[in-house]
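Enquirer: First, the structure itself, so that you have it in front of you.
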Amino acid sequence: MKVTDFKSGYVGFAKTVSFALVATAAALFSIGANAQTTLSSNSTGNNDGYYYTFWKDSGDASMTLYPGGRYTSSWTSSTNNWVGGYGWNPGSRRTVSYSGSYSANGTSYLALYGWTRNPLIEYYVVENWVNYNPSSGADTYGTVNIDGSTYTLARSQRVQQPSIDGTATFYQYWSVRSNKRTSGTIDVGAHFDAWASVGLNLGTEFNYMVMATEGYQSGGSSDITVSQGGSSGSTTSSSSSSSSSSSSSSSSSGSTGGQCGNCNWYGSIYPLCNNQNSGWGWESNQSCIGVDTCSGQNGNGGPVDCNGGGSNSSSSSSSSSSSSSSSSNSSSSSSSSSSSSSSSSSSSSSSGGNNGGGTNCGGVNEYPNWTAKDWSGGTNNHANSGDQMVYQGQLYQANWYTSTVPGSDASWTTVGSCN
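The opening position of the sequence shown corresponds to residue 0 in numbering that gives the first Met the number 0, with each subsequent residue numbered one higher.
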């Protein structure tokens, strides 16, 4: 992930070959409910109703587990990178309360941290940080007010880096709090919804989620007590077969059914916006999609047919809606996501060169010939907001930073067919 590489390969939260060691330790080691145990080698497990994880790549770091969701930690600058914390496995929408103390003399985080699968996503709600703001090197998607503070929404990418599934390429989602704190309550579901509102959808299968302390080439200590405040929404998840069943459907995946007023967006169900016809929006505390954008996708998706119970989908509908989306996006916006889509679509209408019989795609990169380089300056591997690409005879425009196949998800807007 570029944002937390710290220019020298920083491995944000649980990285390198220790994943295999951690998995082995989890199978062999579970601490008694009333034990006070100090960990100085990599392990995961359960203690007094909470899941814990401890990992370091070198040096002097330790974490002591207490009953009741309390842990303490200390580390010195001899440790390159370490992370540990208490939480739950699987993670889910809930309110998480925490309190205690935290200090560091170099790069460090205090954050709610977790993973999902399908797709593989690593996510952070950063409550406090020292020396390095993780959103400063990432692609940002605006801000949101949650729990009495402004959080910056961001996304970064890790290419062939260690993960809970071994070496993989995956995205990281960030919510970074502007007013740092060491005690408070986190409405986890609100962060999930905020990410979804800008097209950053989590996976359908939740892995662990912990209130973690991390240090990178620094020294410090923490004393944190974690507790659960209940569910922050109706979404339920499990590590084996998780689902997003809340009415917002902001993290649902793989379902093609739905009620009138929803959109089947490439197999995921989202509510249609009431106040805008194009782009992505945020209404009634949930993400929504404009009807024109919904209709403009390729494939069998589209607005759910209230009369027939299916999805509206036809080539003529797709073509006309795509044109409508391109023209209306420039005047409708209620969120950072739809605003991005609006500006990029108006750009596409002027640069695409629609001549009635199709769009002039001359000189436009054809997938997988990406338009932009990663932050490291290597080979082109993604498209930035506003970039256009051709795929299977169709011209698409990126709504934000993306490395997905053009037209395959909400990160792309269909401009039209190439002539």
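From the three backbone atoms N, C-alpha and C, an ideal C-beta is built for every residue, glycine too.
To the nearest angstrom, how far is it from the Cα of SER407 to the Cα of ASN368?
Expert: In a straight line, the C-alpha of SER407 is about 16 Å away from that of ASN368.
Enquirer: Could you tell me if GLY86 is buried or exposed, where buried requires 16 or more neighbouring beta carbons within 10 angstroms of its beta carbon?
Expert: GLY86 comes out buried.
Enquirer: Can you find the residues in the same chain that come closer than 7 Å, C-beta to C-beta, to SER148, ignoring five residues on each side of it along the sequence?
Expert: ARG176, SER177 and ASN178.
Enquirer: Rounded C-beta distance between ARG154 and ALA167? I'm assuming under 8 Å.
Expert: Between ALA167 and ARG154 the Cβ distance is about 16 Å, and since that is not below 8 Å, they are no contact.
Enquirer: Please state whether the Cβ-Cβ distance between GLY105 and GLY218 is less than 8 Å.
Expert: Yes, they are a contact pair.
Enquirer: If I measure Cβ to Cβ from THR181 and keep anything under 7 Å in the same chain, skipping five residues before and after, which residues do I get?
Expert: Here the set comprises GLY99, SER100, TYR101, LEU109 and ASN127.
Enquirer: Where SER96 and ASP146 are concerned, what is the direct C-alpha to C-alpha distance, given to the nearest angstrom?
Expert: Their backbone Cα atoms lie some 11 Å apart in a straight line.
Enquirer: Helix, strand or coil, according to DSSP, for SER196 in the structure here?
Expert: Reduced to three states, the DSSP call for SER196 is helix.
Enquirer: Would you report the Cα separation of ARG93 and VAL363, rounded to the nearest angstrom?
Expert: Taking the straight line from one Cα to the other gives about 45 Å.
Enquirer: Return the CA-CA distance between TYR112 and VAL225, expressed in angstroms with no decimal places.
Expert: Approximately 13 Å between the Cα atoms of the pair.
Enquirer: Between which two residues does the alpha helix (DSSP H) holding MET42 run?
Expert: Just to set this straight, residue 42 is Ser in the shown sequence, not Met. From DSSP, SER42 is part of no alpha helix (DSSP H) but of the beta strand (DSSP E) over 42–46.
Enquirer: Can you tell me which of PRO161, TRP173 and THR115 puts its alpha carbon nearest to the alpha carbon of SER135?
Expert: Of PRO161, TRP173 and THR115, the residue nearest in Cα terms is TRP173.
Enquirer: In this structure, how does DSSP classify GLY68 when only helix, strand and coil are distinguished?
Expert: Reduced to three states, the DSSP call for GLY68 is helix.
Enquirer: Can you tell which of THR78, ARG69, VAL158 and GLY183 has the C-alpha that lies nearest to the C-alpha of VAL124?
Expert: Among THR78, ARG69, VAL158 and GLY183, the Cα nearest to that of VAL124 belongs to GLY183.
Enquirer: Look at the alpha carbon of LEU201 and the alpha carbon of ILE163, and state the distance between them as a whole number of angstroms.
Expert: One C-alpha to the other measures close to 15 Å.
Enquirer: Could you give the residue range of the alpha helix (DSSP H) that holds SER294?
Expert: Taken as a continuous stretch (DSSP letters only), the alpha helix (DSSP H) holding SER294 covers 290–294.
Enquirer: Return the first residue and the last residue of the beta strand (DSSP E) that TRP87 is part of.
Expert: Per DSSP, TRP87 belongs to the beta strand (DSSP E) from 80–87.
Enquirer: Let me make sure I understand the geometry here. Which of TYR390, VAL389, ASN46 and GLY214 has the alpha-carbon closest to that of SER73?
Expert: Checking every option, the nearest Cα to that of SER73 belongs to GLY214.
Enquirer: Would SER416 and GLN387 be called neighbours here (beta carbons separated by less than 8 Å)?
Expert: No, the Cβ-Cβ distance between SER416 and GLN387 is not below 8 Å.
Enquirer: Taking DSSP as the reference, what is the three-state secondary structure of ALA110?
Expert: Strand, per DSSP.
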